[in-house]
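Read the structure below first, then the notes.
Written as structure tokens, this is what we have:
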């Protein structure tokens, strides 16, 4: 077998090659301490989910006046109370709501809302409304929680191809594990019999790394721990057993993998995953209905899986989108970019119900809803009341919290 050092390194380190070329290599293996054992699963609905057709103000005539073609008929709404109800595709989530495991926060947004996908996503991910933030709100939490603590290779896990800015930190680097079978040391397939030799060579390179090179110690630790994390996660997936059936699709697959990690003993305090397709400018009813069913069924399967593995009391799931949609439907039987929208928190430790004030459908700002709850109030609630952090240090301001957890 002939294998150059250059080719070996280029192929073998693909799973964290971006880390190796970054100045942050020294933090690749750091893990935020998680003494409480509590964990947050963050789900982003990318594209801007229409909140008014998700948590439906079916008791308001103005809703039907503004949406003659796409409004959900009163008879089809899954009633939560005399004024609000869920989209009919969300029967599984409605069952969890009835069990007290779902909290819905109405009217979540921020002042001077931005309708650009890119800017609004950045605002939500960084928690910064008045400047371009260079770290994510949960990235800052990971830095805060890991200070002076023992580290490991899995500080948090992103179950998507691209790391969201939410997890961008100064001291911690979070792995993106979109496919567990791709998150591994890739040996040369032409020489399958030499797999073990290549792994040994990999470990030897990092054991004898030039100590005079910048960040040498941390580079050694990063390389070894990345390989260890890959083996560890693969063993967890292979040993996982469950009778819960997840829906087909990206979100179901992602939440199943997160459940496998949590039930298998991964102690990372944060996991992130996303679901795309919510930019419903045209033919919204059919598109959103399918997405909301996928969301509802995946959330239900995930929660029931956690219950089956007796880890449900330590997991909080949060669902958000970068903005809602406009009150008035458009000519394409869809809706355009808006502002405030509902946000979901789910878990066995959640105090279920509806929180926040439902925005008026007639007192608008340029056709958009006025937000009634600042999104950083939700972040502060999660940080202070769930993760046991000091939200003031992470968000740079003291926000009130909600009695949800």
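In the working numbering, the protein residues as written are 656 to 1060.
C-beta: ideal position from N, C-alpha, C; glycine also.
Cα-Cα, which of the options is closest to residue i?
| i | options | result |
| --- | --- | --- |
| residue 732 | 711, 1010, 719 and 983 | 711 |
| residue 936 | 813, 993 and 816 | 993 |
| residue 1055 | 1044, 1031, 1041 and 804 | 1031 |
| residue 836 | 889, 820, 817 and 796 | 889 |
| residue 719 | 1021, 694 and 1016 | 1016 |
| residue 816 | 697, 1060, 969 and 927 | 927 |
| residue 1047 | 1057, 1058, 1034 and 1059 | 1034 |
| residue 900 | 987, 1049, 830 and 956 | 956 |
| residue 814 | 795, 923 and 792 | 923 |
| residue 996 | 825, 715, 1027 and 913 | 1027 |
| residue 911 | 696, 691 and 692 | 696 |
| residue 722 | 1058, 976 and 990 | 990 |
| residue 977 | 845, 987, 692 and 776 | 776 |
| residue 1040 | 1059, 1050 and 1022 | 1059 |
| residue 793 | 802, 824 and 769 | 824 |
| residue 887 | 909, 906, 908 and 915 | 915 |
| residue 925 | 795, 908, 943 and 844 | 795 |
| residue 1038 | 1057, 1025 and 906 | 1057 |
| residue 1010 | 739, 694, 786 and 917 | 739 |
Going by the beta-carbon positions, is the gap between residue i and residue j smaller than 8 Å?
| i | j | result |
| --- | --- | --- |
| residue 885 | residue 839 | yes |
| residue 725 | residue 1012 | no |
| residue 933 | residue 771 | no |
| residue 784 | residue 820 | no |
| residue 947 | residue 728 | no |
| residue 689 | residue 800 | yes |
| residue 974 | residue 1022 | no |
| residue 894 | residue 920 | no |
| residue 902 | residue 949 | yes |
| residue 1001 | residue 735 | no |
| residue 1005 | residue 756 | yes |
| residue 917 | residue 694 | yes |
May I ask whether a heavy atom of the ligand COA can be found less than 7 Å away from the beta carbon of residue i?
| i | result |
| --- | --- |
| residue 793 | Inclusion of the ligand COA in the displayed structure is not the case, the ligand content being empty and no account of it being possible. |
Around the C-beta of residue i, are 16 or more other C-beta atoms found within 10 angstroms, so that it is buried, or is it exposed?
| i | result |
| --- | --- |
| residue 929 | buried |
| residue 749 | buried |
| residue 834 | exposed |
| residue 808 | buried |
| residue 1020 | exposed |
| residue 758 | buried |
| residue 704 | buried |
| residue 747 | buried |
| residue 698 | buried |
| residue 760 | buried |
| residue 768 | buried |
| residue 787 | exposed |
Taking the C-alpha atoms as reference points, what is the distance between residue i and residue j?
| i | j | result |
| --- | --- | --- |
| residue 959 | residue 754 | 12 Å |
| residue 778 | residue 891 | 35 Å |
| residue 709 | residue 1008 | 15 Å |
| residue 1052 | residue 1043 | 16 Å |
| residue 789 | residue 812 | 19 Å |
| residue 972 | residue 952 | 14 Å |
| residue 999 | residue 849 | 50 Å |
| residue 829 | residue 822 | 7 Å |
| residue 969 | residue 1003 | 8 Å |
| residue 940 | residue 980 | 13 Å |
| residue 860 | residue 826 | 25 Å |
| residue 773 | residue 818 | 15 Å |
| residue 854 | residue 908 | 29 Å |
| residue 797 | residue 904 | 29 Å |
| residue 856 | residue 863 | 10 Å |
| residue 741 | residue 954 | 14 Å |
| residue 844 | residue 987 | 51 Å |
| residue 714 | residue 707 | 12 Å |
| residue 867 | residue 791 | 33 Å |
| residue 846 | residue 852 | 10 Å |
| residue 961 | residue 906 | 16 Å |
With 8 Å as the threshold, decide whether the Cβ of residue i is near any Cβ in chain D.
| i | result |
| --- | --- |
| residue 842 | As a matter of chain content, chain D is missing from the structure shown, which is built from one protein chain. |
Q) Does the pairing of the region 759 to 771 with the region 956 to 966 give three or more beta-carbon distances under 8 Å? A) Contact between the region 759 to 771 and the region 956 to 966 is not established, with fewer than three Cβ pairs separated by less than 8 Å.
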